[in-house]
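Read through the structure below, which is laid out as structure tokens, and then see the notes.
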Amino acid sequence: MKKILITGACGQIGTELTHTLRKLYGVENVVATNIRRGSSETVENEGIFEELNVTDYNRMLELVKKYEIDTIMNLAALLSAVGEKNPQLLWDVNMNGLYNCLEVARETGAMVFTPSSIAAFGPSTPADLTPQDTIQRPTTIYGVSKVAGELLCDYYFNKFGVDTRGVRFPGLISYSALPGGGTTDYAVHIYYEALKNKKFTCNLAADTYMDMMYMPDAIESIIQLCEAEGSKLVHRNAFNITAMSFCPEDIKKAIQKHIPEFEMDYEIDEVKQKIANSWPNSLDDSCARAEWGWNPKFDLEKMTADMIEKLTIKLDIK
Ligand code: AKB
223 MKKILITGAC GQIGTELTHT LRKLYGVENV VATNIRRGSS ETVENEGIFE
273 ELNVTDYNRM LELVKKYEID TIMNLAALLS AVGEKNPQLL WDVNMNGLYN
323 CLEVARETGA MVFTPSSIAA FGPSTPADLT PQDTIQRPTT IYGVSKVAGE
373 LLCDYYFNKF GVDTRGVRFP GLISYSALPG GGTTDYAVHI YYEALKNKKF
423 TCNLAADTYM DMMYMPDAIE SIIQLCEAEG SKLVHRNAFN ITAMSFCPED
473 IKKAIQKHIP EFEMDYEIDE VKQKIANSWP NSLDDSCARA EWGWNPKFDL
523 EKMTADMIEK LTIKLDIK
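Taking my numbering, the leading residue of the sequence shown gets 223, the next gets one more, and so forth.
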């Protein structure tokens, strides 16, 4: 990885990934792109920034050639809940965006990192300690696009030798940029509300278990996998990775250790609940651990302490 182009760089993952990569590889070696300007001051002003709609193949090719890019990190995507409101748009952005990355990579020799998700599983998948290789019959358009994307990345590697890599991300929790339109978003909003109002209305049922991860571990996973020796990777794409599995009651209790007066009630969002129920409770990430040394640092307690410390400063809570 010497010259990296990031799509969707102003999103939840992109914001922190861009910042970390610029520190590690140099500001001149990271090209942040987003569909439009005006979404993140840091991403746009801290280094190279270009507007890029991932459905525009010619523009993507032009940028990859202009900056002599050798690694494309494709983070431009619509998430699960918003996808159910506009499945056609999701398919256009998520699938055609990935297809363009792979085609540009085939033409230029670049590597492609693209994230899959726990959404690539469905109600018929074993829900506990979901294996790396198992039944994948998702019931959301987001999940369908993720399975298709995993297969497409495998295909481009096997057919054309494109160096494709990817992980299945669980819900990601961070304090820099907010997520937009996901099913796991409650696990981010809960911290903001706990600090601002000491009260949160959760849109998922108390015992809904899903895998989650703190953003520093997610960023580390991308860098570690992209830097890994390719010949050691058996799976290459769609590695199960996780850091913790919890339900709303667990995160509430973790927050109450820091803010004892914090209260939570429930108002279930039927669409999100149905999606969450169709996803695994916990993943088996042993292949990622064995093939490229995946080893997350944050559990629920450690993440909660850090989120509260960082958000207290960000939100200027006295
Ligand atoms: C979502 O909730 O849609 C995402 C995901 C798990 O991929 N956070």
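Positions of the beta carbon are idealized from the N, C-alpha and C atoms, including for glycine. All figures in this text were calculated on a predicted structure; none of them were measured in a lab.
**OP:** Note down the Cα distance separating G305 from G452, rounded to an integer number of angstroms.
**Re:** CA-to-CA, the gap between G305 and G452 works out to about 33 Å.
Original post:
Can you give the Cα-Cα distance for R390 and L533, rounded to whole angstroms?
Top reply: Taking the CA atoms as reference points, R390 sits about 27 Å from L533.
**OP:** Consider the Cβ of Y436: report whether some Cβ of chain D lies at a distance smaller than 8 Å.
**Re:** In the displayed structure, chain D is absent; only one protein chain is listed.
Original post:
V253 bridges to which residues according to DSSP?
Top reply: In the DSSP assignment, V253 is bridged to L227 and I270.
Original post:
Which residue from I270, S339 and S398 puts its Cα closest to that of V369?
Top reply: The option with the nearest alpha carbon to V369 is S339.
Original post:
Going by beta carbon distance, what residues of the same chain come within less than 7 Å of E483, once the five residues before and after it are set aside?
Top reply: Cβ neighbours of E483 beyond the five flanking positions: K420.
Original post:
Is it right to say N322 is buried, meaning 16 or more other beta carbons lie within 10 angstroms of its own, or is it exposed?
Top reply: Burial check for N322: the Cβ neighbour count within 10 Å reaches 16 or more, so the residue is buried.
Original post:
Alpha carbon to alpha carbon, how far is I535 from S398?
Top reply: I535 and S398 have their C-alpha atoms roughly 12 Å apart.
Subject >> DSSP bridge partner residues for C568 (one or two, in chain order) >> reply: The requested residue 568 is not part of the displayed model; the chain covers only 223 to 540.
**OP:** On the DSSP bridge assignment, give the partners of Y378 in chain order.
**Re:** In the DSSP output, where bridge partners are listed per residue, Y378 has none listed.
Original post:
In three-state terms, what does DSSP make of Y289?
Top reply: Reduced to three states, the DSSP call for Y289 is coil.
**OP:** To the nearest angstrom, report how far apart G260 and P470 are at their CA atoms.
**Re:** Going by the C-alpha atoms only, they are around 33 Å apart.
Original post:
What number of angstroms, rounded off, separates the C-alpha of V253 from the C-alpha of P518?
Top reply: Rounded to whole angstroms, V253 to P518 spans 27 Å at the Cα level.
**OP:** Note the first and the last residue of the continuous beta strand (DSSP E) segment covering M435.
**Re:** Unbroken beta strand (DSSP E) run through M435: M432 to Y436.
Original post:
Among M486, A510 and D314, which one has its Cα closest to the Cα of N459?
Top reply: Comparing C-alpha distances from N459 to each of M486, A510 and D314 shows the shortest one belongs to A510.
Original post:
Should S467 be listed as close to ligand 3, given that the test is whether its C-beta is under 7 Å from any heavy atom?
Top reply: Ligands present in the displayed structure are limited to ligand 1, and ligand 3 is not among them.
**OP:** Check whether the Cβ of T526 lies closer than 7 Å to any heavy atom of ligand 1, and answer yes or no.
**Re:** Not under cutoff, so the answer is no.
**OP:** Can you say whether P348 is buried or exposed, counting buried as having 16 or more other CB atoms within 10 angstroms of its CB?
**Re:** Classification of P348: exposed, given that the 10 Å Cβ count is below 16.
Subject >> Under 8 Å between C-beta atoms of I441 and T237 >> reply: Between I441 and T237, the gap from beta carbon to beta carbon reaches 8 Å or more.
Original post:
Between the C-alpha atoms of I291 and K540, what's the straight-line distance to the nearest angstrom?
Top reply: So the alpha carbons of these two residues sit roughly 45 Å apart.
Subject >> For G393, the first and last residue of its enclosing beta strand (DSSP E) >> reply: Residues G393 to I395.
Original post:
Should L311 go down as buried or exposed, given a rule of 16 or more other Cβ atoms within 10 Å for buried?
Top reply: Within a 10 Å sphere around the beta-carbon of L311 sit fewer than 16 other beta-carbons, which makes this residue exposed.
Original post:
How many angstroms separate the CA atom of L204 from the CA atom of A231?
Top reply: Outside the shown range of the chain (223 to 540) lies residue 204, about which nothing can therefore be said.
Original post:
Thinking C-beta only, is M466 closer than 8 Å to R387?
Top reply: With a cutoff of 8 Å on beta-carbon distance, R387 and M466 are scored as not near each other.
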